[in-house]
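If you're matching positions, the sequence shown starts at 1353 in the working numbering and goes up one per residue.
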Amino acid sequence: MKTGDIPAPADPLGEALHFLRMSGAFYCRSELSDPWSVTIPAIRDCVWFHVMTAGSCTLAVEGAEPRELRPGDLALVPHGRGHTLWTDPELRPIAIESLPHEYVSDRYAILHHGGGGTVGGIICGAVRFDHPAASRLLELLPRLIHVAAADSPHAEWLQSSLRLMIAEAAQPRPGGETVITRLSDILVIQAIRSWMETDPVARTGWLGALQDRQIGRAISLIHRDAARDWTVAALADELAMSRSAFAARFTELVGEPAMHYVTRWRMNVALSTLREDGATVAELAGKLGYQSEAAFSRAFKRVMGVSPGSVRIRERSRTEVDLLAF
1353 MKTGDIPAPA DPLGEALHFL RMSGAFYCRS ELSDPWSVTI PAIRDCVWFH VMTAGSCTLA
1413 VEGAEPRELR PGDLALVPHG RGHTLWTDPE LRPIAIESLP HEYVSDRYAI LHHGGGGTVG
1473 GIICGAVRFD HPAASRLLEL LPRLIHVAAA DSPHAEWLQS SLRLMIAEAA QPRPGGETVI
1533 TRLSDILVIQ AIRSWMETDP VARTGWLGAL QDRQIGRAIS LIHRDAARDW TVAALADELA
1593 MSRSAFAARF TELVGEPAMH YVTRWRMNVA LSTLREDGAT VAELAGKLGY QSEAAFSRAF
1653 KRVMGVSPGS VRIRERSRTE VDLLAF
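Below, the structure written as structure tokens:
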């Protein structure tokens, strides 16, 4: 199929959100009696989320103003940073991983902790994004996103999702972990959408470029067909722009030249595929439009800093490889 046969994306930003496939790393339903104070560990390449189900607490992460969480509130710590939750700031916080947990499965636990007073509840989770577009988006997110139930324009929809998650967490049933995982995906994306709708930063840089009628289409075409032999001329033709005007506008909005973006996108797709599917280097070279395995390997090492072969070796030994900033 020629790229010209691909329908123009009506919503490039929405298409980018479609790439945010997540995998759950860990979920925990906590019943916490006042007073209490716990620290949440940093987890590389993950996003922490917290859903307040009962009571209230304060969430603090370095570089952001502390936020009070009330029932129905949703909070996101997008960069996997360690942070603290408390009802009493005078208490010395306890590392949550050091507390005894009741493990329902290898990724889902129940925690009871606190000083014996009024009992509150919170569902916490760490999720990992699995697509290269995600790392670019995560770079742009603030240290903390707080969606207050009372202020959310989608409060009824959000609360319905939260109630279902709370019900699944309260009485685990067959398939309950899968339901919680899927609901977590929805809630995390909803929090990101809420931030996009309210923060002017979301209308600048790469996100702003996605919302540009012409450059957003160019980015979507690159994402959809990374293997095509893209050139500045080919992209400009798709947009009915002159080469010079397209090249200048792409660089202005995205922050790098179009062909740099194409190469970087291909290499991140390759890294994601190596990690998830175990494809051979030769297979990837062909799928991404390279004439030889050697040419692909050189490009991969230049962009990612490691050879594709070393990524496959590390994955086989189950050593985690960083998804370098896209």
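Glycine is no exception: its CB is placed at the ideal position from the N, C-alpha and C atoms.
Exercise. In angstroms with no decimal places, state the Cα-to-Cα distance between L1539 and Q1643.
Key: A direct Cα-to-Cα measurement between L1539 and Q1643 gives close to 42 Å.
Quiz prompt | 7 Å CB neighbourhood of M1517 in its chain, flanking five on each side removed | solution = Excluding residues within five positions, the ones whose Cβ falls inside 7 Å are V1403, I1475, I1532 and L1535.
Exercise. Specify whether the region 1590–1601 and the region 1630–1642 touch according to this definition: at least 3 beta carbon pairs, one from each stretch, less than 8 Å apart.
Key: Verdict: no, contact absent.
Practice problem: Classify S1624 as helix, strand or coil using the three-state DSSP reduction. | Solution: Note: S1624 maps to helix in three-state DSSP.
Exercise. Using DSSP bridges, identify the partner residues of R1381.
Key: Answer is I1462 and I1475, bridged to R1381.
Quiz item: Are the beta-carbon atoms of D1386 and T1470 separated by less than 7 Å?
Solution: In contact: D1386 and T1470 (Cβ atoms closer than 7 Å).
Quiz item: Is it right to say R1654 is buried, meaning 16 or more other beta carbons lie within 10 angstroms of its own, or is it exposed?
Solution: R1654 should be labelled exposed.
Quiz item: Hey, out of A1519, Y1379, H1498 and L1421, whose CA is closest to V1479's CA?
Solution: Restricting attention to A1519, Y1379, H1498 and L1421, the CA atom closest to the CA of V1479 is found in Y1379.
Exercise. Determine the closest residue to Y1460 out of S1513, G1527, A1500 and H1435, with distance taken between C-alpha atoms.
Key: The shortest C-alpha separation from Y1460 is found at G1527.
Quiz item: Which one or two residues does DSSP pair with S1389 in a beta bridge?
Solution: According to DSSP, S1389 bridges with W1438.
Self-check item: Straight-line gap, H1465 to W1388 (C-alpha atoms, nearest Å)
Solution: Distance between the alpha carbons of H1465 and W1388: 8 Å.
Self-check item: Beta-carbon proximity list for G1407, same chain, < 6 Å, skipping 5 on both sides
Solution: Once the five neighbours on either side are set aside, the close Cβ partners of G1407 are G1472.
Quiz item: Who does M1404 pair with in a DSSP beta bridge?
Solution: Here M1404 is bridged, per DSSP, to I1474.
Self-check item: Beta bridge counterpart(s) of L1426 as assigned by DSSP
Solution: Note: L1426 sits in a beta bridge opposite V1403 and V1499.
Quiz item: In the structure shown, what three-state DSSP assignment does T1410 receive?
Solution: Of the three classes helix, strand and coil, the one that applies to T1410 here is strand, per DSSP.
Self-check item: Residue range of the unbroken beta strand (DSSP E) whose run includes L1421
Solution: Note, L1421: beta strand (DSSP E), R1419 to L1421.
Quiz prompt | As assigned by DSSP and simplified to three states, the class of H1453 | solution = Here H1453 carries a strand assignment [DSSP, helix/strand/coil].
Quiz item: With distances taken between CB atoms, is the gap from S1420 to T1410 smaller than 7 Å?
Solution: Contrary to the premise, residue 1420 reads as Glu rather than Ser in this sequence. Remark: C-beta atoms of E1420 and T1410 approach each other more closely than 7 Å.
Practice problem: Could you tell me which of V1429, T1391 and G1415 sits nearest to W1400, measuring between CA atoms? | Solution: Closest by alpha carbon: V1429.
Practice problem: With distances taken Cα to Cα, identify the nearest neighbour of I1497 among E1549, G1467 and E1520. | Solution: It is E1549.
Practice problem: Report the partner residues of I1567 according to the DSSP bridge assignment. | Solution: In DSSP, I1567 forms no bridge with anything.
Self-check item: C-alpha gap between S1659 and P1423, whole angstroms
Solution: Just so you know, the alpha carbons of S1659 and P1423 end up roughly 48 Å apart.
Practice problem: Could you say which of L1514, E1414 and W1617 lies nearest to L1573 if we only look at CA atoms? | Solution: Checked all of L1514, E1414 and W1617; the closest Cα to L1573 is W1617.
Self-check item: Residue closest to T1556, alpha-carbon to alpha-carbon, out of H1453, V1390 and E1604
Solution: With distances taken between Cα atoms, T1556 lies closest to E1604.
Quiz prompt | Simplified DSSP state of A1447, which is helix, strand or coil | solution = Secondary structure of A1447 (DSSP, three-state): strand.
Quiz item: Cα separation between A1427 and S1662?
Solution: Between the alpha carbons of A1427 and S1662 lies a distance of about 37 Å.
Quiz item: What separation, rounded to the nearest whole angstrom, lies between the Cα atoms of L1623 and P1445?
Solution: Taking the straight line joining both Cα atoms gives about 38 Å.
Practice problem: Take D1357 and list the residues in its own chain whose beta-carbon comes closer than 7 Å to its own, dropping the five residues that flank it on each side. | Solution: At D1357, the pLDDT of 47 sits below 50, so the modelled position is not reliable; the number obtained from the coordinates is stated separately. Exclusion of the five residues before and after D1357 leaves no residue of its chain whose Cβ lies closer than 7 Å to its Cβ.
Self-check item: Top-ranked residue by Cα proximity to D1537, from L1591, L1510 and V1456
Solution: Relative to the Cα of D1537, the nearest Cα in the group L1591, L1510 and V1456 belongs to L1510.
Quiz item: Quick one, which of L1443, A1588, W1558 and E1635 has its alpha-carbon nearest A1579's?
Solution: Taking A1579 as reference, the option from L1443, A1588, W1558 and E1635 with the minimal CA-CA separation is E1635.
Quiz item: Anyone know if the C-beta pair for I1462 and I1392 falls short of 7 Å?
Solution: At a Cβ-Cβ threshold of 7 Å, I1462 and I1392 do not count as neighbours.
Self-check item: Cross-strand partners of F1598 (DSSP beta bridge)
Solution: Residue pairing from DSSP leaves F1598 without any beta-bridge partner.
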